[in-house]
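S.K.: Just passing along the structure, written as structure tokens.
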Amino acid sequence: LQIRGASIMRGYWNRPDANAETFVYGWMRTGDVAYVDEDGFVYIVDRIKDLVIRGGENIGCGAVEAAILEHPEVLEVSVYGVPDARLGEEVGATIHARSPIDEAELRAFLEPRLARFEIPRYVHFAGEPLPRIASGKILKRQLRDEAAARWG
Numbered sequence: 003l004q005i006r007g008a009s010i011m012r013g014y015w016n017r018p019d020a021n022a023e024t025f026v027y028g029w030m031r032t033g034d035v036a037y038v039d040e041d042g043f044v045y046i047v048d049r050i051k052d053l054v055i056r057g058g059e060n061i062g063c064g065a066v067e068a069a070i071l072e073h074p075e076v077l078e079v080s081v082y083g084v085p086d087a088r089l090g091e092e093v094g095a096t097i098h099a100r101s102p103i104d105e106a107e108l109r110a111f112l113e114p115r116l117a118r119f120e121i122p123r124y125v126h127f128a129g130e131p132l133p134r135i136a137s138g139k140i141l142k143r144q145l146r147d148e149a150a151a152r153w154g
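What follows is the structure in structure tokens.
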């Protein structure tokens with residue numbers, strides 16, 4: 003999604019690198035993946051940075067998270083890319099659950115909900131709530147870094 007208008011910021015203060023990456027011919031790249039329906043409504047699907055690119059397949063982390071959250075024992079989840087020498091990235095997930103979940107049972111639960119390549123190859127079950135930033139969002143960067151150290 004790219005936007006422009008009078009209410010859009012002009013750029014980042016003293017950050018020419020960020021400006022060059024974000025602004026192209028006056029249009030601001032929001033970092034969102036979106037589509038416009040036949041009635042002209044815009045729907046935001048995911049964040050570009052929240053895409054796992056696995057062997058050429060673009061996997062939306064939000065869709066995988068939504069499928070995992072359908073499991074009755076899952077309290078919260080974060081899905082991210084884990085570096086992979088052959089495919090570029092693999093799908094990884096950190097899950098906080100009410101009670102222990104068997105990984106094979108989780109995969110069986112996800113099979114009718116996701117394409118095979120979308121099911122996380124790497125799963126870490128956290129024994130405590132996932133880390134969050136001050137605004138309440140899950141600190142995905144920290145989980146991604148921990149996953150790279152664990153499986154990368």
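Residues in the sequence shown are numbered from 3 upward in steps of one, following the numbering used here.
Note that CB positions come from ideal geometry on N, CA and C, so glycine has one too.
Note that this is a predicted model, so its numbers are computed, not measured.
1) Could you check what DSSP says for residue 117 in three-state terms: helix, strand or coil?
2) Using the Cα positions of residue 94 and residue 81, report the straight-line distance between them to the nearest angstrom.
3) Taking only three categories from DSSP, how would you classify residue 18?
4) Which residue or residues does DSSP assign as beta-bridge partners of residue 86?
5) Distance, Cα to Cα, residue 153 vs residue 84?
6) Could you check whether residue 33 and residue 55 sit closer than 8 Å to each other, using their CB atoms as the reference points?
7) State buried or exposed for residue 136, treating a residue as buried only when at least 16 other CB atoms are found within 10 Å of its CB.
8) Helix, strand or coil for residue 12? Go by DSSP, reduced to three states.
M.R.: So, from the listed chains and residues:
1) Counting from 1 along the sequence shown, the entry for residue 117 is found at position 115. In the structure shown, residue 117 sits in coil (DSSP, three-state: anything other than H, G, I, E or B).
2) By 1-based counting over the sequence shown, the position of residue 94 is 92. By 1-based counting over the sequence shown, the position of residue 81 is 79. Straight-line Cα distance between these residues: approximately 6 Å.
3) Looking up residue 18 in the sequence shown gives position 16. Of the three classes helix, strand and coil, the one that applies to residue 18 here is helix, per DSSP.
4) Position 84 of the sequence shown holds residue 86. BP columns for residue 86 point to 90.
5) Locating residue 153 in the sequence shown gives position 151, where the first residue counts as 1. Locating residue 84 in the sequence shown gives position 82, where the first residue counts as 1. Using only the alpha carbons, I get a separation of about 7 Å.
6) As a first step, residue 55 must be located in the sequence shown, where it is residue number 53. As a first step, residue 33 must be located in the sequence shown, where it is residue number 31. Contact: no.
7) Sequence index remark: in the sequence shown, residue 136 carries index 134 (1-based). Result: exposed.
8) Position 10 of the sequence shown holds residue 12. Here residue 12 sits in coil by DSSP.
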